[in-house]
Amino acid sequence: VTGEPHVRLCVKAPLLMGGMCRIGSLCLLDSTPRPDFDLEDCSFMHSAVEQIMQHALLCDFASSAMAVRTPTVADLSTFVTASTLPSSLQDPGEYSSDDSESEDEPEEDDEEEEEE
């Protein structure tokens, strides 16, 4: 090749989604001829393609999982808000079982003193 970019080596490996749909290619370009490019080098390209496709599948899986998760979280939030929980469980800061017992005990003592 006489002009820019002076490519003397071009190796391409297809990126296949699901083994059937080509989504692109991994290309290796070099300005130096590589007559010694052999099966070991091809194996390296194949490994690189596999890693790229695994990453693409993981990204697709994560994206799908988020699409399912988002409505589920919203639905759970609605369910918890609309549930009929006792007020003591809805706002734990306002209710304490110790406070209600301490209020009841003096009243009972007062009633017993009046009877005597």
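In this text, residue positions in the sequence shown follow full-length UniProt numbering: the first is 1, and each later residue adds one.
Backbone N, C-alpha and C fix where the C-beta goes; we use that ideal spot for every residue, glycine too.
Beta-carbon proximity list for residue i, same chain, < 6 Å, skipping 5 on both sides
i   : result
M17 : I23
T27 : Residue 27 is actually Cys in this sequence, not Thr. Excluding sequence neighbours, C27 sits near K12.
Cα-Cα separation, residue i to residue j
i   : j   : result
L9  : P33 : 5 Å
F44 : Q54 : 15 Å
E50 : A62 : 18 Å
S47 : A65 : 27 Å
D30 : L57 : 29 Å
V7  : D36 : 16 Å
Test: residue i CB closer than 8 Å to a CB of chain D
i   : result
M17 : Absent here is chain D; the protein component of the structure consists of one chain.
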